[in-house]
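In the working numbering, the protein residues as written are 72 to 464.
See below for the structure under consideration.
The following block contains the structure:
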């Protein structure tokens, strides 16, 4: 018998150009008065598969506690950045679809979004005989070493995304997310800005976003024809999913894209260039111990360890750069002050579960533990974000 659903009513009771965008709420994207041209706050959502229910619960608390209705920006954030499941959650925040985000996580376990390709389905079918399952498993191994590039049905996932994502719907908060161009082995950034802009305002907004990702990174607008594929690409964990083909940024053919977590699972860099305070939502506890039941989970665990290491390096670099800039600014030397202008200083705050979340990375069918994870995020949001300190848990 499936577990009973929680009682929703009881549960729910418990950059100057960016700032110049015509927000629905005037206080949604305030400039930092001490740092001209930069926003006060940015929200960064990391990747982590089904554990993204934690982010959804936290977002639900933030918007309910601030009494923010659907269709409005999530104040006080002036820009949203995300990767993988964080990109998907971030899309619904950027478009102000808070009720849709909650409903998505309440219903996701019944929609079986993660399915093996049909030719491999017998591997996990308990009604199949041992011999049949073994044969299917061997076929998968041989296929992955010859012509197949993934074991999970990407077409099924794409169809599910299309049911929730309307490419014509405008964002109410600027939104950036990452994907990895596998063809060229490099990160790429996709963005959306509110459409209710004059031509000059739009150009200033895009210029501001360009400054946040740096002069060499590929930055692309997620036009309606690209949006769903670009979000899917950000979630396409290598080997689990086939790479997602997208038109090359420079035109002339297609490139293959995989999970943005390969290069930036928690895109702190773009966010801290845009804002002086970064609120980061992590999905791993300070100390993590994980049990693995099969080879697919081992693969996800290896990928997660790589992502965690990249995140630690990014947070450390951001913290030390901020420390260095503030130290240099106190030095009475023209060359030192000139050097300081090339650095960003941002206060980084984070929130993360204190213990391992009950749902696994691939537990999208695990209804009970998705609900528990959502609720943990909701409750953790009450204690708020805490400052990140290098060398401290």
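From the three backbone atoms N, C-alpha and C, an ideal C-beta is built for every residue, glycine too.
Predicted model, so just to flag it, every value in this text is computed and none were measured.
Where are the beta strand (DSSP E) runs, 3 residues long or more, that stay fully inside the segment 279–361, in chain order? Fully enclosed beta strand (DSSP E) runs of 3 or longer: 289–292, 310–312, 315–318, 325–330 and 346–352.
Given this structure, state the Cα-to-Cα distance separating residue 158 from residue 390, to the nearest angstrom. Here residue 158 is taken as the residue at index 87 of the chain shown, counted from 1. Here residue 390 is taken as the residue at index 319 of the chain shown, counted from 1. When rounded, the distance between both Cα atoms is 24 Å.
Stretch-stretch touch, CB-based, cutoff 8 Å, three pairs: the segment 446–456 with the segment 336–346: Judged by Cβ distances under 8 Å, the segment 446–456 makes no contact with the segment 336–346, as fewer than three pairs qualify.
C-alpha gap between residue 97 and residue 186, whole angstroms: Locating residue 97 in the chain shown gives position 26, where the first residue counts as 1. Locating residue 186 in the chain shown gives position 115, where the first residue counts as 1. With a pLDDT of 35 at residue 97, under the threshold of 50, the predicted position of this residue should be treated as unreliable, though the coordinate-derived value follows. Roughly 43 Å between the two C-alpha positions.
Contact under 8 Å by Cβ, residue 131 with residue 169: By 1-based counting over the chain shown, the position of residue 131 is 60. By 1-based counting over the chain shown, the position of residue 169 is 98. In this structure, residue 169 lies closer than 8 Å to residue 131 by Cβ.
Output needed for residue 175: all residues of its chain with C-beta closer than 7 Å, excluding positions within five of it in sequence on either side, in chain order. The residue labelled residue 175 in the question sits at position 104 within the chain shown. Correct list, in chain order: 235.
Quick one, which of 429, 457, 327 and 305 has its alpha-carbon nearest residue 220's? Here residue 220 refers to the residue found at position 149 of the chain shown. Checked all of 429, 457, 327 and 305; the closest Cα to residue 220 is 327.
Beta carbon of residue 420 nearer than 8 Å to that of residue 461: Taking the chain shown and counting its residues from 1, the one referred to as residue 420 is at position 349. Taking the chain shown and counting its residues from 1, the one referred to as residue 461 is at position 390. No. Outside cutoff.
Would you list the residues sitting across from residue 115 in a DSSP beta bridge? Position 44 of the chain shown, counted from the first residue, corresponds to residue 115. The partner list for residue 115 (beta bridge, DSSP) reads 152 and 351.
Is residue 242 helix, strand or coil by DSSP? In the chain shown, residue 242 corresponds to position 171, counting from 1. Looking at residue 242 - three-state DSSP - the assignment turns out to be coil, as it is neither helix nor strand.
Tell me which residue opens and which closes the beta strand (DSSP E) that residue 228 is part of. Within the chain shown, numbered from 1, the residue matching residue 228 stands at position 157. For residue 228, there is no enclosing beta strand (DSSP E); the residue is found in the alpha helix (DSSP H) stretching over 225–235.
Rounded separation between residue 190 and residue 392 - CA only: Here the question's residue 190 lines up with position 119 in the chain shown. Here the question's residue 392 lines up with position 321 in the chain shown. Our two residues, residue 190 and residue 392, have alpha carbons roughly 50 Å apart in a direct line.
Identify whether residue 258 lies in helix, strand or coil by the three-state DSSP scheme. Reading the chain shown from its first residue, position 187 is the one you call residue 258. Looking at residue 258 - three-state DSSP - the assignment turns out to be strand.
Please classify residue 159: does DSSP put it in a helix, a strand, or coil? The sequence position of residue 159 within the chain shown is 88, counting from 1. Residue 159: helix per DSSP, three-state reduction.
Taking the alpha carbon of residue 332 as the point to measure from, which residue in 280, 250 and 314 has its own alpha carbon closest? Working through the chain shown from its first residue, we reach residue 332 at position 261. If we check each option's Cα against that of residue 332, 250 comes out closest.
Rounded separation between residue 394 and residue 416 - CA only: By one-based count along the chain shown, residue 394 stands at place 323. By one-based count along the chain shown, residue 416 stands at place 345. Distance between the alpha carbons of residue 394 and residue 416 is about 8 Å.
Mind checking which residues open and close the beta strand (DSSP E) that includes residue 174? Within the chain shown, the letter at position 103 stands for residue 174. It is not in any beta strand (DSSP E) - residue 174 instead sits in the alpha helix (DSSP H) that spans 169–178.
Anticipated Cβ contact below 8 Å, residue 117 with residue 306, distance rounded: For the purposes of this step, residue 117 is identified with residue 46 of the chain shown, where counting begins at 1. For the purposes of this step, residue 306 is identified with residue 235 of the chain shown, where counting begins at 1. Cβ atoms of residue 117 and residue 306 stay farther apart than 8 Å, at about 13 Å.
Taking 8 Å as the cut-off, decide whether the C-beta atoms of residue 126 and residue 160 are in contact. Here residue 126 corresponds to residue number 55 of the chain shown, with the count starting at 1. Here residue 160 corresponds to residue number 89 of the chain shown, with the count starting at 1. The answer is yes: Cβ separation under 8 Å.
So which of 274, 296, 284 and 335 has the shortest CA-CA distance to residue 256? In the chain shown, the residue the question calls residue 256 occupies position 185. Selected option, being the one with the closest Cα: 335.
For residue 405, the three-state DSSP class (helix, strand or coil): Numbered from 1 along the chain shown, position 334 holds the residue referred to as residue 405. The answer is helix: DSSP assigns residue 405 an H, G or I state.
When DSSP labels each residue in this structure, what does residue 249 get in the three-state scheme? Here residue 249 corresponds to residue number 178 of the chain shown, with the count starting at 1. Correct three-state label for residue 249: strand.
What three-state label does DSSP hand residue 142 in the structure shown? Taking the first residue of the chain shown as position 1, residue 142 is located at position 71. Residue state, collapsed to three classes: coil.
Span of the beta strand (DSSP E) holding residue 420? As a working mapping, residue 420 is identified with position 349 in the chain shown. Annotation: the continuous beta strand (DSSP E) that includes residue 420 extends over 418–422.
Proximal residues to residue 385 (C-beta, below 7 Å), its chain only, five neighbours per side dropped: Translated into the one-based positions of the chain shown, residue 385 becomes position 314. Taken in chain order, the residues that qualify are 337, 339 and 340.
Verify whether the separation of the beta carbon atoms of residue 162 and residue 112 is less than 8 Å. Your numbering for residue 162 matches position 91 in the chain shown. Your numbering for residue 112 matches position 41 in the chain shown. Between residue 162 and residue 112, the CB-CB gap reaches or exceeds 8 Å.
Alpha carbon to alpha carbon, what distance is there between residue 135 and residue 178? Mapped onto the chain shown, residue 178 falls at position 107. Mapped onto the chain shown, residue 135 falls at position 64. Inter-residue distance for residue 178 and residue 135 is about 20 Å (C-alpha atoms, whole angstroms).
Identify every residue that forms a DSSP beta bridge with residue 382. Within the chain shown, the letter at position 311 stands for residue 382. DSSP output for residue 382 lists no bridge partner at all.
Which same chain residues end up closer than 6 Å to residue 244 when comparing Cβ atoms and leaving out the 5 residues on each side of it in sequence? Walking along the chain shown from the start, residue 244 turns up at place 173. Here the set comprises 144, 151 and 165.
Keeping to the same chain, check which residues put their C-beta closer than 7 Å to that of residue 398; ignore five residues upstream and five downstream. Position 327 of the chain shown, counted from the first residue, corresponds to residue 398. No residues qualify anywhere along the chain.
Cβ distance (whole Å) where residue 429 is taken to contact residue 443 below 8 Å: Start at 1 with the first residue of the chain shown, and residue 429 comes out as number 358. Start at 1 with the first residue of the chain shown, and residue 443 comes out as number 372. Rounded, the Cβ-Cβ distance is 5 Å, consistent with contact.
Under three-state DSSP, which class holds residue 433? Taking the first residue of the chain shown as position 1, residue 433 is located at position 362. The answer is coil: DSSP assigns residue 433 none of H, G, I, E or B.
Using a threshold of 8 Å, state whether the C-beta atoms of residue 355 and residue 379 are closer than that. To locate residue 355, count along the chain shown from 1; it is residue 284. To locate residue 379, count along the chain shown from 1; it is residue 308. Yes, Cβ-Cβ distance for residue 355 and residue 379 is below 8 Å.
Are the Cβ atoms of residue 435 and residue 230 separated by less than 8 Å? By one-based count along the chain shown, residue 435 stands at place 364. By one-based count along the chain shown, residue 230 stands at place 159. No. Outside cutoff.
My assumption, with CB atoms under 8 Å, is that residue 317 sits in contact with residue 290. Please give the rounded CB distance. The count along the chain shown starts at 1 and reaches residue 317 at position 246. The count along the chain shown starts at 1 and reaches residue 290 at position 219. Wrong, their Cβ atoms sit about 14 Å apart, outside the cutoff.
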